Structure formats: structure tokens, C-alpha cells
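Protein chains in written order, with UniProt numbering: chain A, 1 to 341; chain B, 1 to 341.
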């Protein structure tokens, strides 16, 4: 398997023709006779020759590769995003290269890496890194709600779900169940901020008491666990916790268990993203479907238009999220008692 | 952000020099005078020009990209593998492009895609797809135990953890806790097979009764749930279940909850891989550490040697796994009763 890759010269020698003729065949030229065509095709098949994509790309100044930058492989919200991108860009001949900034920390700067490869377009599924701001770049689409600091967001196309509307759906659900004092385990980043602001505003409008943690770092299982421990220690009378995403919500479930809070008996828990983790039977998490697949589709269409040379002002596509009710939410204990449970 | 990418001609015009001189600067030629050098560097910075990697790659017949093929982003075992590969290949100037076969199902064949990009090397973190067999390819390293059907495994370098030894550690742990009748929720694939065979052999050697499911498909949460439901319905006297991997083990935890089996009170559960999912407080899963990061490191070193032109017979690096005891295993109820619990 370590044999040298066959070249166009090997193909020409094997077929008994000139290199120029092989080149014509590869270009699909009609000037090649039937016999020569068959001889070259047979040689290509026998040698396992593959035309250099680099050569074709150089000629066309295109690579047909779209880079996707994310910040955490273990936060599974990106999986449906990538599926949606594939569904939209695959049939257009683009391939995706997914780069996780955290995983690559010990290697070269992943943004530099993407740029060096000359991807035709970039989908940013995280807070835009500094390297993406103020440079001349291929077309960029930002997927998901991001902070506007740094200048990138607002200057490029974006595809998002309406995080504030999603958070309002959570308040509506919890209010309908009878919850009157709810907690929010917050995270940093634009999506985290939008979800917190939306939750706060909706709770106020519904006349529900609300407290939130002040964490502004990454939305991890550990941060969800620590945030919930602190929040529930300070406010044990909270009957429901909304976490900034599913990963943090699983951390909240861990904290609830360690604190002896039965879910949903004495504590309801809600996440955001509707990842495969939320859908696992053991987790069975009530969550907000952030429409990742559709956001990926919109991002793909926006990017395809830019890569095809389309101009015009930056566009913003906003999709309506929906609530997915599973086993981690129910009426609070006080309401249960009144109902005779 | 949709402005045209600057070319080497733009740089030359901006710097007031010839294109050839810009080219010499880009090649780091010592034949360029100080003034010209500064003018070109200033033009490059002002225009945001980036040398075409495609051009450099074409010249060198190298892309410095290593493709990693996996079959499921939601099975998090690959995350540490990629970290290990980055740690080893990043400093050597390679970047990684991760392709998930399942996610790309609607687009072009991902293996074809990798080959078309002319990656310098491929790490296969799944059962080798048909496209990888019998073709002339760049160097390949297979990471993880795979089926030997198809011809690829055995002809290429491999880096694995010793799955049979890992399964034996599980038997040892369960036997020491007092379990005498254990179940295995199996999966398809080489790693699944090796773990099942190792578990079966070790249980027999330890004189412990064992039953296994017959599933040969992907190791998913759903398959783990269904397998455990069936196994525990047929053999309710089983006191511990070892799943083929962490994802399936979380499915087993879901089944245990739905069946009213307290974990670890009336059922112990063990996974394999020691993923971030197993380490989440809410899951807190006893599992086997498959040394993914180190396997990635070994795979990276093997691949780097081949990409540097190294020949010789295929090598196989085998790493010893270790057991990570968390909250899902304990003595079986019968033993607990005798102990006065």
C-alpha cells in the first residue's frame, strides 16, 4: 500500500500514447479517437490512476471544499448542522472538512489551516475566531447566534434559529405545568446570551420568578453540573432549571441526582438543541429543537450563492424553533400535592 | 466579504514589481533585495494575499492533509483519537480533515471525496469501506480493531487497544464484586467481535455464566437499549451487563430504568471506550479506557513514517487498556443481602 502513486506519464506509457493525449481524455475532449480513448481508460483503471484534484483546482482557482469550524466535537448540536450542509452542498459538488478548534489546540491554528487550504467557503459554527475578522477571505456564513463583537457577525450571511423564541417556549411550557420559580444555568457566547435574555424576558412577562447563574464560559457538562449545584444550593425552592444547551442540561441532571432531587418529581430540567444525547432513553430530556439540520440547509444555500459569485447585502435567515417534551419535565411537587400525587 | 481574492498579479502591481519577483519572495529566495522584499511583504499584508496552497501542493505533489474517516460523529470515541493524531501530526505540518460516512450519506461517497482531494494519508477509524480495498492509495493506517474481511486490514499498519484484554478486565472486576451470571450487549464490527470473544473466554475461564445478544449492527444507543430489554427479559437473573461500547451502555442504562432495575443496586453496567459521555456525572459509567489518545499518537507516527516514504512490512501497535471504575458497578443484590445491605 506504500507504492508510488501513478502519474499521468505512467498512464501514457501503459496505454502506449502521449501524455498530451491522456490529458485530452481527462478533459473530456471530443478530439480523441475511440481506440485511444479505450486504451487510456483501460490504463487508468489498471493502474488505479486518479487525476490530481490539486491540478484541476489550481486551473479553476476552486477547491470545491467547504470548511466547517466548530469548537467542541462533544457538543453534538453540530452533527445535524453538518448533515444539513451535506444535503445542500453535496449535490452541488462540494465536500466538507470539519475542524474542531479545541481538538486541534496543539497543532497549527485551525483557521490558518483552513485558509491555507484555500477552501471555497467557510461555515462558522462557533464564536468567530479573531483570525476570521478583518481579513480578505472566501465567503463566510455564520451558523447559530453569535456575539457581534469583533465585527464578523453583521458583515456576513447568517443562518440561525430564534433562540429568544425558543427560550420563550420553555417558559410557556414550565408556566403551564405550574412552575413559579425557575432557574437558568447560563453559558457564554451569543447563543447562550440570547437564550438567557429570551428566558428572562419571557419569565418576567409571565410573572414567574427567575434566577440565573453567571457563568460566561463554554457550555459543558461540567459547567452545567457546577452551575446547578450552586444555583440549587442558593435557591433550593427552584422547581425547574433551563440549561443553555443539552450538554449542560445533562450536567444539571447529574447535580439533581447528587442533591437527591428527583427528576421531574422535585425538579424539572430543560435543555436546548435536541441533540442525540437528549433523545437517548436514559437522558430523555425535554429540550428545544434548534432546527440544526434546516439551519445547515439555509447556511448551505447562502454559501452556495456567494461561492457562485452572488453579491448584495448580508442576509440573515431565522428559523422558528420548537419544543420537544420528553421525560424531564412535569408539574412541580407543590402542584402535584394539590393534585393528589 | 465577497470581494475577489487577490492574486499574485495584484501583489506585483501593488508593490510595483514583477510577478516573478513576487514569486521569488514567496519561495524565500535569497536573490531578492531588501527594498523589493519589503515592498512585496507590505503589498501582501495590505491586500491580504495568501499564497495558493494548491499551487504549492501541486509542485510538491503533497497536500499536507491527512483524512480521518469515521462512521458516527455521535460515538465520541473518535474525539480522543483525533486529539492524539493532532498532537503527533500537527507539529509535522499536517492538518486533519474528518469525514463522517453516515453524515455524508446524501452527498458523494466520502472515500471518493478523500481520494479526489489527494490527501497524503488516511486514518480509517471504522470498518474499512469497500472503496479502500484493492486500490492504489496513499498510505493508510487503520485505528481500532476491525474485521479482516475485505483484505485491507493485515496489509496496512494498524494501531489498536487490546480489546480482548479490556473485556477480560471487565470480567475480573465483575467477578471480584461477586457476579455469577452476566450479560453482554454485543455489536457488529471487529472491535465488537473482539470484545465479545474476550468477554466470553474470560467468563468461561472464571467459571461465570454468560449470555450475549446477537446484534451485529452499529453500536448505537438504540441498539443498546433494545438489546438490554431483550436480554433482561429472557434472563432476569443476570446481575451485570457489559455493553460493546459506552453509547450502547447508556442505552442499557435506559433499559434498566424502564425495567425498574436500580443501577448498580440490582444491575451493574459496564461500557467500553471511556468517552466524555461515560465521564458525565449523570452517566458516571464504569468503562474500559481504550487509550484512544495514545492509539491516535501511534497511528500518527506510523502514518508519518509511511508518508515520509518508509517501506517495510505492515506494523501493528497494540496498547494495553485499563479499567475505569465509576458508579454503575457494585456487588449484586444477593451479595449485598449477605453483607447486610
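Glycine included, C-beta positions come from ideal geometry on N, C-alpha and C.
Here the structure is a predicted model, which means the values were calculated and not measured.
Chain-order list of residues whose beta-carbon lies under 6 angstroms from that of residue i (same chain, five-residue window excluded)
i	result
residue 209 of chain B	181
residue 290 of chain A	161, 273, 321
residue 65 of chain A	95, 97, 119
residue 324 of chain A	274, 287, 289
residue 158 of chain A	142, 316
residue 78 of chain A	70, 125
residue 307 of chain B	120, 121, 139
residue 201 of chain A	none
residue 22 of chain B	8, 11, 12, 40
residue 179 of chain B	239, 240, 332
residue 168 of chain A	198, 202
Residues near residue i in its chain [Cβ-Cβ closer than 8 angstroms; skip 5 each side]
i	result
residue 17 of chain B	36, 39, 40
residue 408 of chain A	Lying outside 1 to 341, the shown extent of chain A, residue 408 of chain A is not represented and no answer is given.
residue 333 of chain A	239, 265, 266
residue 329 of chain B	173, 174, 177, 240, 264, 268, 269, 270, 286
residue 253 of chain B	263, 269, 283, 285, 328
7 angstroms Cβ shell around residue i - same chain, five flanking residues per side excluded
i	result
residue 250 of chain A	221, 224, 277, 283
residue 145 of chain A	160, 163, 190, 191, 194
residue 81 of chain A	125, 143, 292, 295, 296
residue 299 of chain B	85, 123, 141, 143, 159
Residue i, buried or exposed, once every other Cβ within 10 Å from all chains shown has been counted against 16
i	result
residue 194 of chain A	buried
residue 236 of chain B	exposed
residue 214 of chain A	exposed
residue 280 of chain B	buried
residue 171 of chain B	buried
residue 88 of chain B	buried
residue 219 of chain B	buried
residue 91 of chain A	exposed
residue 15 of chain B	buried
residue 262 of chain A	exposed
residue 268 of chain A	buried
residue 57 of chain A	Unreliable placement is indicated for residue 57 of chain A, whose pLDDT of 45 sits below 50; no coordinate value is reported for it.
residue 312 of chain B	exposed
residue 187 of chain B	buried
residue 348 of chain A	Chain A is shown only over 1 to 341; residue 348 of chain A falls outside these bounds and no answer can be derived.
residue 255 of chain B	buried
residue 243 of chain A	buried
residue 127 of chain B	buried
Within-9 angstroms CB hit, residue i to chain B
i	result
residue 90 of chain A	yes
residue 180 of chain A	no
residue 267 of chain A	no
residue 277 of chain A	yes
residue 5 of chain A	yes
residue 272 of chain A	no
residue 9 of chain A	no
residue 333 of chain A	no
residue 187 of chain A	no
residue 138 of chain A	yes
residue 159 of chain A	no
Neighbour flag for residue i against chain A, beta carbons, 9 angstroms
i	result
residue 20 of chain B	no
residue 79 of chain B	yes
residue 82 of chain B	yes
residue 209 of chain B	no
residue 318 of chain B	no
residue 76 of chain B	yes
residue 86 of chain B	yes
Residue i CB to nearest heavy atom of the ligand ADP below 8 angstroms
i	result
residue 244 of chain A	No copy of the ligand ADP occurs in the structure displayed, which carries no ligand at all.
Any C-beta of chain C under 9 angstroms from that of residue i
i	result
residue 64 of chain A	Going by chain labels, chain C is absent from the structure shown, which instead holds the protein chains A and B.
Going along the stretch 281 to 298 of chain B in order, which residues come within less than 8 angstroms of chain A, judged by CB to CB distance?
281, 282, 283, 284
What are the residues in the stretch 240 to 258 of chain A lying within 8 angstroms of chain B by C-beta distance?
250, 251, 253, 254, 255, 257, 258
Just by C-beta distance, which residues in the stretch 212 to 237 of chain A are closer than 7 angstroms to chain B?
221, 225
Those runs of the alpha helix (DSSP H) which lie wholly inside the stretch 217 to 297 of chain B and span at least 4 residues:
221 to 234, 246 to 258, 276 to 279
For a minimum of 4 consecutive residues, which ranges assigned as the alpha helix (DSSP H) are wholly contained in the stretch 132 to 210 of chain B?
163 to 177, 189 to 206
Anything in the stretch 94 to 106 of chain B with a Cβ closer than 9 angstroms to a Cβ of chain A? List those residues in chain order, please.
94, 95, 96, 97, 98, 99, 100, 102, 103, 104, 105, 106
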